[in-house]
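Chemist: Position one of the sequence shown corresponds to residue 1 (UniProt numbering), numbered consecutively onward.
Note that beta-carbon positions come from the ideal geometry of N, C-alpha and C, so glycine has one too.
As the structure is a computational prediction, the values presented were derived from the model and not from experiment.
Pasting a structure here, questions to come.
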Amino acid sequence: IWRHGLRTPIGTYANDPYDEAFFGVPEGELLPKGMEQHFVRGQQLRKRYVEELMLVGEKYSRYETTVRSADFPRCSQSALASLAGFYAGSPTYPSDVPNWPSSWTPIPIHTVPHDEDYILEAFDICPRMFKLEADRMQRQEFQNFLASNWPLFHTINVNSGDPVDYSFGAIAGMYQSLTIEKECNLTLPDWVTDDFYRDLEAANNAGYDYCLGEVGFGLPMDPEMTKLISGFLLNDWMDNIAAVINSTSTLKYYAYSGHDKMLNSMMIGFGVKGELIGPGNADYASTIACELWKNDQQYFVKYEVNVPQFSSFHFFLSKLPGCDSDLCPLSDIQKFIQHFIANDV
């Protein structure tokens, strides 16, 4: 599962000098840098699974590979870019057609309508999830946190040109716009000082994880929120593993293209989010992989994460209770995640 690449802001503020017309593509769409991020990530995945482990053939085959995307253009485009890197050596393209992109094989991307996608979009369509999130936001401890950030709201209110509702959404929305503009090496307005940006980032990070069920503001980690956000994906992963073990599937490479909340929620459930991804949003093109291994008739799994602070995939199951190494018995992982598995809509 990976997060889509760098995109344009989703909603700009009234006085933002960089609006939709400036970027040249609709809000929330993948930027060229985001395409590059996933092409590079696809090459990294190719190196591991095609070249090093020789698990997947260099020639594309639907019997080996399938890709599932959330029903958003930025997610499907990220999948296409990743697969362009993953199958750059595949000979399954018309090499004699003028102007055909070099070494590019079109790979099918599967999706379902947004309102039906509980595997990749449950956080955005589940009424129970909405209630749990709203309940967390209404806690007095969280409201006190928002009140303590009044200087941020005041600065936004004075300079953005938009009325501010003093909710966490105002902080998160401004942070995503400014962060994207920084990543695009754009000059930020003078009112966005280093101190303001630092405080905005800290407020966003603290509230973002908490609103996904992470421990904070007097509450423990909420396993139900983790279950509702990423539990359907975990269930799908276990179904895929069972199909391979039972020889009802020939798939070797099953990829999902989604959003940062999926990765964050999964890592919160594993208890390693802060250490491996850090506070706040998972970076663009961050990736978590689950591998099935077999040794002496016993099945094992490896989980790994690839984020910008790691130059390659970083294994992390040894950090979980009951796992002595990064190669953990499948039965132990199934026990560990059983409280986070969701299979009943």
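Suppose only complete runs of 3+ residues qualify. What are the beta strand (DSSP E) ranges in the region 224 to 302, listed by chain order?
Modeler: Runs of the beta strand (DSSP E) inside the region 224 to 302: 253 to 258 and 287 to 295.
Chemist: Starting from the C-beta of Leu327, find all residues in its chain whose C-beta is less than 7 Å away, skip the five residues before and the five after it, and write them out in chain order.
Modeler: Excluding positions up to five away in sequence, the list reads Trp293, Phe300 and Lys302.
Chemist: Would you report the Cα separation of Ser257 and Gln43, rounded to the nearest angstrom?
Modeler: Distance between the alpha carbons of Ser257 and Gln43: 16 Å.
Chemist: Leaving out the 5 sequence neighbours to the left and right, which residues in its chain are closer than 6 Å to Lys252 when beta-carbon positions are compared?
Modeler: Once the five neighbours on either side are set aside, the close Cβ partners of Lys252 are Leu55, Val56 and Glu64.
Chemist: Is the region 190 to 201 touching the region 27 to 42, taking contact as three or more C-beta pairs under 8 Å?
Modeler: Counting Cβ pairs under 8 Å, fewer than three are found: no touch.
Chemist: At the level of alpha carbons, what is the spacing between Thr92 and Lys59?
Modeler: Taking the straight line from one Cα to the other gives about 7 Å.
Chemist: Nearest by alpha-carbon distance to Ser265: which of Ser160, Thr8, Leu228 and Ser247 is it?
Modeler: Checked all of Ser160, Thr8, Leu228 and Ser247; the closest Cα to Ser265 is Leu228.
Chemist: When DSSP builds the beta bridges, which residues end up paired with Trp2?
Modeler: Looking at the DSSP assignment, Trp2 forms a beta bridge with Ser257 and Thr287.
Chemist: Between the Cα of Lys273 and the Cα atoms of Thr248, Tyr210, Pro329 and Met238, which residue gives the shortest distance?
Modeler: Considering only alpha carbons, the answer is Tyr210.
Chemist: Name the one or two DSSP bridge partners that Arg68 has.
Modeler: The partner list for Arg68 (beta bridge, DSSP) reads His110 and Tyr256.
Chemist: For His339, which three-state DSSP category applies?
Modeler: Three-state result, His339: coil.
Chemist: In the structure shown, what three-state DSSP assignment does Arg62 receive?
Modeler: Note: Arg62 maps to coil in three-state DSSP.
Chemist: Take Ala282 and list the residues in its own chain whose beta-carbon comes closer than 6 Å to its own, dropping the five residues that flank it on each side.
Modeler: Around Ala282: Arg3, Asp260, Leu263 and Asn264.
Chemist: Runs of 4 residues minimum, wholly inside the region 17 to 57: which ones carry the alpha helix (DSSP H) assignment?
Modeler: The qualifying runs are 20 to 23 and 32 to 46.
Chemist: Measuring alpha carbon to alpha carbon, tell me which residue in Thr226, Trp150 and Asn144 is nearest Ala122.
Modeler: Of the candidates Thr226, Trp150 and Asn144, the one whose C-alpha sits nearest the C-alpha of Ala122 is Thr226.
Chemist: Extract the residue ranges of the alpha helix (DSSP H) inside the region 164 to 210, only unbroken runs of 4 or more that lie entirely within it.
Modeler: As far as the region 164 to 210 is concerned, its whole alpha helix (DSSP H) runs of at least 4 residues are 168 to 183.
Chemist: So Leu178 and Val164 are in contact, right, with Cβ under 8 Å, and what is the actual spacing, rounded?
Modeler: That pair is no contact at about 15 Å.
Chemist: What residues match up with Gly216 in a beta bridge as DSSP calls it?
Modeler: Note: Gly216 sits in a beta bridge opposite Leu219.
Chemist: Would you report the Cα separation of Asp16 and Asn149, rounded to the nearest angstrom?
Modeler: Looking at the two C-alpha atoms, the distance is approximately 22 Å.
Chemist: Where do the N-terminal and C-terminal ends of the alpha helix (DSSP H) with Lys131 fall, by residue?
Modeler: Unbroken alpha helix (DSSP H) run through Lys131: Pro127 to Gln138.
Chemist: Can you give me the Cβ contacts of Leu317 inside the same chain, cut-off strictly under 7 Å, excluding the 5 residues immediately before and after it?
Modeler: Only Lys302, Tyr303, Cys323, Asp326 and Cys328 meet the Cβ criterion.
Chemist: Rounded to whole angstroms, what is the Cα-Cα separation between Thr8 and Gln143?
Modeler: For Thr8 and Gln143, the distance between alpha carbons rounds to 30 Å.
Chemist: For the alpha helix (DSSP H) that contains Gly85, what are its first and last residues?
Modeler: Segment Pro73 to Phe86, the alpha helix (DSSP H) holding Gly85.
Chemist: Where do the N-terminal and C-terminal ends of the alpha helix (DSSP H) with Leu152 fall, by residue?
Modeler: Leu152 -> alpha helix (DSSP H) spans Trp150 to Asn159.
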